[in-house]
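> Got a structure here, written out as structure tokens. Questions coming.
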Amino acid sequence: MSAPQSRVINAVVLTAGLMEKTVKVRVGGQKWNKHVRKVRYPLHTACLELLLSGYALLKEPLRQRMPMLIVTLQYFNYPKTYLVHDPRSSLRAGDIIEISPGWRVSKHVRHVVSRIIAPFGEPIEARPSVMTEVERLEERRLKREAKDLRKGKIGAEGKIAESA
Numbered sequence: 116m117s118a119p120q121s122r123v124i125n126a127v128v129l130t131a132g133l134m135e136k137t138v139k140v141r142v143g144g145q146k147w148n149k150h151v152r153k154v155r156y157p158l159h160t161a162c163l164e165l166l167l168s169g170y171a172l173l174k175e176p177l178r179q180r181m182p183m184l185i186v187t188l189q190y191f192n193y194p195k196t197y198l199v200h201d202p203r204s205s206l207r208a209g210d211i212i213e214i215s216p217g218w219r220v221s222k223h224v225r226h227v228v229s230r231i232i233a234p235f236g237e238p239i240e241a242r243p244s245v246m247t248e249v250e251r252l253e254e255r256r257l258k259r260e261a262k263d264l265r266k267g268k269i270g271a272e273g274k275i276a277e278s279a
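Counting along the sequence shown from 1, when you hit position 24 you're at 139 in my numbering, and nothing is skipped either side.
As structure tokens, this is what we get:
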């Protein structure tokens, strides 16, 4: 059985190069607006079959050929912006990328670049390559081991063995 596939999101890079190893991206989305309502007046009940899906009927003259009032609630575009970790600083503003959730790099950075879908400007071959998930995990493990050595967690065990 394979590991579960992590969620991937397509995004557009808004700013790159302003923060070290971090870019700001925009992710598309929609938001339900319960206050704005569109009112439509179809010509007669023959339009009813065409308009029933997704609409709420206020008046229901089923057997008459008279105008009826149909109310539509609406979704509006509601893009979100995220800060995304770019370990090798390989992204440029305008790139279309694929991001996935990762561990927290800082207070507001919670996603990491998976791949570049469509580059903008400089070609992909001229940029540093995007790190794969295996490379990111290996780099994180090495950094953690180096930190443990610095803090003396692993070194303290060695000192105890030498003194005995």
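Just so it is clear, CB atoms sit at the ideal spot from N, CA and C, and this is done for glycine as well.
Treat the numbers as computed from the prediction; the structure is a model and nothing was measured.
Report, in whole angstroms, the separation of the C-beta atoms of V199 and V228, which I expect to be a contact under 8 Å.
One-based indexing of the sequence shown puts residue 199 at position 84. One-based indexing of the sequence shown puts residue 228 at position 113. Contact holds; Cβ gap of about 6 Å.
> Below 8 Å on the Cβ atoms is my guess for K136 versus S204; work out the distance and round it to an integer in Å.
Numbered from its first residue, the sequence shown carries residue 136 at position 21. Numbered from its first residue, the sequence shown carries residue 204 at position 89. The pair is a contact, with the Cβ atoms about 6 Å apart (cut-off 8 Å).
> Leaving out the 5 sequence neighbours to the left and right, which residues in its chain are closer than 7 Å to S168 when beta-carbon positions are compared?
Residue 168 sits at position 53 when you count from the first residue of the sequence shown. Because S168 sits at a pLDDT of 46, beneath the cut-off of 50, its placement in the model cannot be relied upon, and the point is left open.
> Counting along the chain, where does the beta strand (DSSP E) carrying L129 start and finish?
As a working note, residue 129 is residue 14 in the sequence shown. Residues 124–134.
> Less than 9 Å separating the beta-carbons of Y197 and H150?
Translated into the one-based positions of the sequence shown, residue 197 becomes position 82. Translated into the one-based positions of the sequence shown, residue 150 becomes position 35. No.
> Identify every residue that forms a DSSP beta bridge with A261.
Within the sequence shown, residue 261 is the residue found at index 146, counting from 1. Per DSSP, none; premise fails for A261.
> In three-state terms, what does DSSP make of K266?
To locate residue 266, count along the sequence shown from 1; it is residue 151. Looking at K266 - three-state DSSP - the assignment turns out to be helix.
> Please name the residue in R242, K268, M134 whose C-alpha comes closest to that of D210.
Your numbering for residue 210 matches position 95 in the sequence shown. Measuring C-alpha to C-alpha distances from D210 to each of R242, K268, M134 identifies R242 as the nearest.
> Beta-carbon separation of V138 and N125 under 9 Å?
Residue mapping note: residue 138 aligns to position 23 of the sequence shown, counting from 1. Residue mapping note: residue 125 aligns to position 10 of the sequence shown, counting from 1. No, these two residues do not count as a Cβ contact at 9 Å.
> Going by the beta-carbon positions, is the gap between E213 and R230 smaller than 9 Å?
The sequence position of residue 213 within the sequence shown is 98, counting from 1. The sequence position of residue 230 within the sequence shown is 115, counting from 1. Result yes, Cβ atoms of E213 and R230 sit closer than 9 Å.
> Does any residue of chain D bring its CB to less than 9 Å from the CB of K222?
Among the protein chains of the structure shown there is no chain D, as only one such chain exists.
> Between which two residues does the beta strand (DSSP E) carrying L198 extend?
Residue 198 sits at position 83 when you count from the first residue of the sequence shown. Here the beta strand (DSSP E) through L198 covers 195–200.
> What do you reckon, are the CB atoms on W147 and Q189 nearer than 9 Å?
Reading the sequence shown from its first residue, position 32 is the one you call residue 147. Reading the sequence shown from its first residue, position 74 is the one you call residue 189. A contact, by the Cβ cut-off of 9 Å.
> Look at the alpha carbon of P202 and the alpha carbon of G267, and state the distance between them as a whole number of angstroms.
Position 87 of the sequence shown, counted from the start, is the residue given in the question as residue 202. Position 152 of the sequence shown, counted from the start, is the residue given in the question as residue 267. If you take the alpha carbons of P202 and G267, they lie about 27 Å apart.
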